[in-house]
Structures are given as C-alpha cells and as structure tokens.
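Residue numbers (this note's numbering), protein chains in the order written: chain S, 11 to 145; chain G, 11 to 145.
Here a beta-carbon is modelled for each residue, glycine too, at the ideal position from N, C-alpha and C.
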DNA sequence: TGCAGATATATGATTGTGTCATATATGGGC
DNA sequence: GCCCATATATGACACAATCATATATCTGCA
C-alpha cells in the first residue's frame, strides 16, 4: 500500500514499489471491452490480454466475465459457444447495434473526462512552475 | 437514467436530457481539492464552487466535507476555524507538505490515465474512420 | 418580533464497480 | 496419471460517489 490509497489498491504512476494492480479506473473497462469487441469478436480470456492496450494489464478475470455477461443481459453484446477448437469451450462475444450506440455514448463521456484531466494537469503544472520561479 | 448507466447516475457527455448529476469520476475530486487548496486555502463551501473549474459542477456538499475531513485525519491538510467574518463559522483548510507529495502522486496517476484515455479515443476514431470508408 | 433565505458544515443510507479469493472444467504434454 | 495452460464462473469485500436530510449562524425585511 502506498500513500495515495486508503485501500489495498495501487494507482498507475503513483510511484510506489511492491506488488499492486494498476489504477482502479472506474467506468473504463466497459468501453474498452466494447471497442475491442467491435474491432474483432473475441472471448473473455482473449480480451483479458488485449485490455493491456489501454493500460489495463492484469485485469481481473472474474470482473471481465461478469461485465461481459451483464452487457449481454442488457443487449449490448451477444455470445455464441465455440466448441470446435482445442481446450475448453469459448464464449465468443460480438457487439450489437445497441452496443455500438453505447460505445458512442461512452466515447463522449470519456472525451469530456479527458478534457477535465487536461484542465487539471495544466493548472497543476502552472502552480509548480510559479513555485519554482519564486525561489 | 440514460442508456450508459445501470444506476441513477448520468455521465458527462452522455448526451441524455433530463436532470442528472455529472459523471461519477472516481478518484478525481480528491486531487482537485488538493490542487485548489494549494492555489489558495479555502473552506468547503467555497471549494464547492471552485470545483466547477474541473468539470465538477454541482458536486455533492456532503462528499466534499467528508473528503476534507478524511484528508485532515490523514495529515494531508490542516484546518482552522474562522469565526471572524459574517455568517456561520468557516473551517479553512490548507495543504501540508505531505499533501503536496500526495498531489504529486495523484498527478502522475492522472497523467497516466490521460494517456490511456487518449489511446482509447484514438482507437475509437480509427474504427469509425475505417467503417465510414467502407460504405 | 418573526421568519425566510443564503451561508456553512455534518451524517446516514445506498449503490456500482473494481478487486481478491476461490471453484470448476477441458485438453495437451510428459 | 499428473501437471499446467486455457477458459469460465461465483462469493465476499471495500471504496468512493451519490442521495437525502439535519443543524446552526447571520442578514434582510416586513
């Protein structure tokens, strides 16, 4: 555990040593799954790897499967069991029209979040540029 | 409630009409408070307004006060009661050295989050640029 | 005097999501 | 027969945001 957290979770870039998952980035896994599935239909275990593209390395498998099932319940993705290949059966998901709409909504939300983050980071840099100049 | 949410919360930029608070941006209020307090010591009610700078308009007062008290418990800010002025007494907060360190850690984490958001948004745009060209 | 409204802080209850731990099953390699 | 990678699933927990509500002070005003 490092200074930035109350709980046992680490944050990306927090600079702590020791074991600890990446930042808890609420509301980011879901849109990432939708985007990855839109690029190419896949099963959960594969998505688990592909999430690393967005900084979500070592995501929690349980969480991924649960999110996928919930997205299916709500009609944003559909799945088919693939029993042909080697190993255990896979559940392959693909995005529905509704899921594509949902991804658009997420993209708007995340673009806004990016703006807010940029505002924060700029103000942050200004404060310390000023402080540096004061000495 | 709009399509993007399971719960009663709205997301920024989600495009829904009707009443609803801004996005639930976990782990953003705390660094914003630290930055605002570093720029200028203030009391909770004032911060409530200043948070709008970072897209956190109409933040929850209860949440702000609780966050400030927790930050104080953990030594990141200190407070003094200001009874001089008009109206009810105010609790003015300012950032400690530890709080400044914490802000640095947050800034690293948020910069990383910004990178991840950018990766997502770029891939998102690429997908739909491709789709648009296919027709 | 009374009382409405802005200012200011505080607390209880609930929820959603992520996280951690664990269970179960299939098939390949040795 | 046994281990390991693959693959999906479920239970328990924690955190931070949200929603609702309570309390107190002071000003303006009728």
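How many angstroms separate the CA atom of residue i from the CA atom of residue j?
i, j, result
"residue 68 of chain G", "residue 76 of chain G", "16 Å"
"residue 42 of chain S", "residue 36 of chain G", "17 Å"
"residue 55 of chain G", "residue 109 of chain G", "20 Å"
"residue 58 of chain S", "residue 131 of chain S", "30 Å"
"residue 134 of chain G", "residue 94 of chain S", "31 Å"
"residue 86 of chain G", "residue 64 of chain G", "21 Å"
"residue 136 of chain S", "residue 104 of chain G", "18 Å"
"residue 52 of chain S", "residue 120 of chain S", "23 Å"
"residue 123 of chain G", "residue 114 of chain G", "14 Å"
"residue 49 of chain S", "residue 116 of chain G", "32 Å"
"residue 70 of chain G", "residue 98 of chain G", "20 Å"
"residue 74 of chain G", "residue 72 of chain S", "33 Å"
"residue 40 of chain S", "residue 112 of chain S", "10 Å"
"residue 15 of chain S", "residue 141 of chain G", "Residue placement at residue 15 of chain S cannot be trusted, given a pLDDT of 49 that sits under 50; what the coordinates show is reported in the next sentence. Going from the Cα of residue 15 of chain S to the Cα of residue 141 of chain G covers about 41 Å."
"residue 46 of chain G", "residue 60 of chain G", "8 Å"
"residue 139 of chain G", "residue 38 of chain S", "22 Å"
"residue 89 of chain G", "residue 118 of chain S", "38 Å"
"residue 106 of chain G", "residue 100 of chain G", "19 Å"
"residue 96 of chain S", "residue 66 of chain S", "27 Å"
"residue 44 of chain S", "residue 102 of chain G", "45 Å"
"residue 84 of chain S", "residue 84 of chain G", "41 Å"
Using the rule of at least 16 other Cβ atoms within 10 Å of the residue's Cβ for burial, across every protein chain shown, is residue i buried or exposed?
i, result
"residue 91 of chain S", "exposed"
"residue 62 of chain G", "exposed"
Which partner residues of residue i appear in the DSSP bridge assignment?
i, result
"residue 104 of chain G", "G:88"
"residue 52 of chain G", "G:103"
Checklist entry - Between the stretch 120 to 139 of chain S and chain G, which residues of the former have a C-beta closer than 8 Å to a C-beta of the latter? => result Near chain G, meaning a CB-to-CB distance below 8 Å, the residues of the stretch 120 to 139 of chain S are 120, 121, 122, 123, 124, 125, 126, 127, 128, 129, 130, 131, 133, 134, 137.
Next on the checklist: Residues of the stretch 64 to 76 of chain G in Cβ contact with chain S at a cutoff of 7 Å, in chain order, please.
Outcome noted: 64, 65
Checklist entry - Between the stretch 76 to 85 of chain G and the stretch 120 to 135 of chain G, do at least 3 Cβ pairs fall closer than 8 Å? => result No, the stretch 76 to 85 of chain G does not touch the stretch 120 to 135 of chain G.
Item to check | Contact set between the stretch 40 to 56 of chain G and chain S, restricted to residues whose Cβ is under 8 Å from the partner | outcome: Among the residues of the stretch 40 to 56 of chain G, those with a Cβ less than 8 Å away from any Cβ of chain S are 41, 42, 45, 48, 49, in the order of the chain.
Checklist entry - Any residues in the stretch 92 to 124 of chain S with a beta carbon nearer than 9 Å to a beta carbon of chain G? Which ones, in chain order? => result 108, 111, 112, 113, 114, 115, 116, 117, 118, 119, 120, 121, 122, 123, 124
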